[in-house]
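Here the structure comes first, spelled out in structure tokens, and everything after it is commentary.
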Amino acid sequence: MSSSAASDSRALLSVRELRTHFNVGDHAVKAVDGVSFDVQEGKTLGIVGESGCGKTVLSRSIMGITTASNASTSGSVTYCGTELAGKSKRELRKFWGEEMAMVFQDPMTSLNPVVRIGRQLTEHLRAHKDLSKSEANDLAVQLLTWVRIPEPKERLSNFPHQMSGGMRQRVCIAIALACSPNLLFADEPTTALDVTVQHQILNLLAQQQQERQMGMVLVTHDLGVVATRTDDIAVMYAGKFVEKASTSALFSGMRHPYTQSLFWSIPKTSEPKHTRLSAIVGRPPNLAALPPGCSFADRCPYVQPICREVEPELQTIDSHSFACHLPVGSSDAEAALSANISAGLPQSKGAAARREAHQGTLT
Ligand SMILES: Nc1ncnc2c1ncn2[C@@H]1O[C@H](COP(=O)(O)OP(=O)(O)OP(=O)(O)O)[C@@H](O)[C@H]1O
Ligand SMILES: [Mg+2]
């Protein structure tokens with residue numbers, strides 16, 4: 093993954109300075125605000141961040157399926173060298189299915205509640221592939237088997253409401269993979285699944301990647317999944333990427349205090365029973381009224397006056413990008429944390445305790 097200003101012509105997907113703002117009254121909700129990244133063939137970019145930071149709006153904006161009438165999108169999205177920004181829905185439809193596909197976070201938004209599952213699958217298959225009715229039917233059964241739906245033949249006659257949430261999610265994964273896309277956006281694809289099925293589905297996606305060099309953007313709240321299933325990680329906060337790096341570089345030396353706080357909030361099995369979870373102090377900011385300076389300043393244990401005045405730029409050192417005036421691990425950050433602890437700043441006291449508890453567990 094890289095993020096240089098010019099788009100990477102060898103990349104499967106190049107996104108540059110993408111913005112999606114929603115106009116609400118006199119304000120703009122800056123859901124996605126200047127995001128840039130590349131995805132290479134066969135690689136997975138994991139996107140993590142708290143609820144409401146813009147992960148779904150980002151994926152939908154890239155696919156060109158932001159339907160809200162109050163949305164305005166700008167920036168560049170290049171797929172295999174072709175600029176998609178500015179294309180009509182009719183033109184974009186040529187890319188959906190076989191080139192790019194998406195597993196939606198809420199399966200009910202992509203399944204038609206009054207059409208049987210079998211018809212939804214076969215119609216999708218026949219719209220994209222030259223198949224007879226019975227060939228499409230056979231392939232639909234094969235796809236449901238693939239995503240571990242028991243009694244797949246019988247399930248074809250079900251309406252979505254007759255399936256569990258986890259089954260509906262697997263149907264959506266089957267539909268997304270039906271036409272063997274080159275690029276898959278998977279928005280929380282395994283959230284509603286139990287751990288065993290989750291593992292099987294993630295293996296299925298990994299197998300697709302190996303066999304066909306499929307690129308993937310994996311949005312997830314599950315930091316365990318992101319640690320083991322991605323090549324690169326982007327950490328999103330208040331509509332922006334605040335840190336991105338290869339997965340190994342991020343885990344061996346995270347630089348943004350938000351990333352650190354996010355990973356510190358993972359409960360550890362080695363902790364004694366009833367240990368309090370280390371939640372991040374405060375709440376994410378209102379995207380319609382962002383504070384000046386760094387959006388994370390109010391919650392940051394290292395905060396200094398400059399953080400509230402000047403917005404930090406995304407800087408890149410050895411392919412590791414982060415937007416922070418006092419990056420984790422720097423002597424300035426250490427000095428700021430000590431000063432904030434002495435001053436009794438609540439988030440800094442919490443951070444000091446968490447640091448002690450997590451010492452040596454992230455590498
Ligand atoms: N049509 C809209 N009008 C105004 N604001 C919107 C609209 N659609 C989305 N938003 C706002 O955009 C922000 C980002 O939403 P998004 O769904 O991308 O969050 P998310 O990171 O996917 O969260 P989650 O992890 O809960 O799925 C939210 O603050 C949301 O309220
Ligand atoms: Mg979402």
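Heads up, the working numbering is the position in the sequence shown plus 92, with the first residue counted as 1. Ideal placement from N, C-alpha and C gives every residue a C-beta, glycine not left out.
{"Asked": "In three-state terms, what does DSSP make of L137?", "Found": "strand"}
{"Asked": "Between which two residues does the beta strand (DSSP E) holding T170 run?", "Found": "163–171"}
{"Asked": "Alpha carbon to alpha carbon, how far is E227 from V127? Give it in angstroms, no decimals.", "Found": "42 Å"}
{"Asked": "Going by C-alpha distance, which of L418, E405, N378 is nearest Q58?", "Found": "Given a span of 93 to 455 for the chain in the structure shown, any question on residue 58 remains unanswerable."}
{"Asked": "Return yes when at least one heavy atom of ligand 2 lies under 7 Å from the C-beta of Q197, else no.", "Found": "yes"}
{"Asked": "What first and last residue would you give for the alpha helix (DSSP H) that runs through E246?", "Found": "244–247"}
{"Asked": "Under a Cβ-count criterion, where at least 16 other Cβ atoms within 10 Å of its own Cβ denotes burial, should S186 be classed as buried or exposed?", "Found": "Strictly speaking, residue 186 in this sequence is Lys, with Ser absent from that position. Exposed, by the Cβ-count rule."}
{"Asked": "Quick one, which of S338, T136, K332 has its alpha-carbon nearest L382's?", "Found": "K332"}
{"Asked": "Ordered along the chain, which non-local residues of its own chain (more than five positions away) have a Cβ less than 7 Å from that of A163?", "Found": "T112, F114"}
{"Asked": "Which class does D324 belong to by DSSP, given the choice of helix, strand or coil?", "Found": "strand"}
{"Asked": "When we look at the beta-carbon of D286 and count the other beta-carbons within 10 Å, is it buried (16 or more) or exposed?", "Found": "exposed"}
{"Asked": "Using only alpha-carbon positions, find the residue among H220, A284, R247 that is nearest to V195.", "Found": "A284"}
{"Asked": "If contact is defined by three or more beta carbon pairs under 8 Å, each pair taking one atom from either stretch, is the stretch 160–178 in contact with the stretch 307–326?", "Found": "no"}
{"Asked": "In three-state terms, what does DSSP make of H348?", "Found": "coil"}
{"Asked": "Please name the residue in L231, I241, D130 whose C-alpha comes closest to that of S338.", "Found": "D130"}
{"Asked": "Following a CB-centred definition, is K147 positioned closer than 7 Å to any heavy atom of ligand 2?", "Found": "yes"}
{"Asked": "What do you get for Q352, buried or exposed, if any count of 16 or more other CB atoms within 10 angstroms of its CB means buried?", "Found": "buried"}
{"Asked": "Fully enclosed by the stretch 145–233, which beta strand (DSSP E) runs are 3 residues long or longer?", "Found": "163–171, 192–195"}
{"Asked": "Please confirm whether any heavy atom of ligand 3 lies closer than 7 Å to the CB of N274.", "Found": "Ligand 3 is not among the ligands present in this structure, which contains only ligand 1 and ligand 2."}
{"Asked": "Three Cβ pairs or more, each shorter than 8 Å: is that satisfied between the stretch 402–418 and the stretch 440–448?", "Found": "no"}
{"Asked": "Could you check if N432 is buried or exposed, using at least 16 other CB atoms within 10 Å of its CB as the buried criterion?", "Found": "buried"}
{"Asked": "Have a look at L454 and H412 and give me their C-alpha separation to the nearest angstrom.", "Found": "Caution is warranted here: a pLDDT of 45 is assigned to L454, below 50, making its placement in the model unreliable, and no coordinate value can be reported."}
{"Asked": "Grouping DSSP H, G and I as helix and E and B as strand, with all else coil, what is I372?", "Found": "coil"}
{"Asked": "Quick one: is I209 buried, meaning 16 or more other Cβ sit within 10 Å of its Cβ, or exposed?", "Found": "buried"}
{"Asked": "Between V334 and the rest of its own chain, which residues show a CB-CB distance below 6 Å, the 5 nearest in sequence each way excluded?", "Found": "V327, H348, Y350, A415"}
{"Asked": "For ligand 2, is there any heavy atom lying closer than 7 Å to the beta carbon of D279?", "Found": "yes"}
{"Asked": "Taking Cβ positions only, does M200 come closer than 8 Å to chain B?", "Found": "In the displayed structure, chain B is absent; only one protein chain is listed."}
{"Asked": "Can you check DSSP and say which residues form a bridge with K332?", "Found": "Y329"}
{"Asked": "When the Cα atoms are used, what is the spatial distance from A428 to R391?", "Found": "14 Å"}
{"Asked": "Mapping DSSP to helix, strand and coil, what is S256?", "Found": "coil"}
{"Asked": "If you run the structure through DSSP and keep just helix, strand and coil, what is M93?", "Found": "With a pLDDT of 48 at M93, under the threshold of 50, the modelled position of this residue cannot be trusted; read the value that follows with caution. Coil."}
{"Asked": "On the DSSP letters alone, give me the boundaries of the alpha helix (DSSP H) that E280 sits inside.", "Found": "It is not in any alpha helix (DSSP H) - E280 carries neither H nor E in the DSSP assignment."}
{"Asked": "Is F388 a contact residue of ligand 1, with contact defined as CB to any heavy atom under 7 Å?", "Found": "no"}
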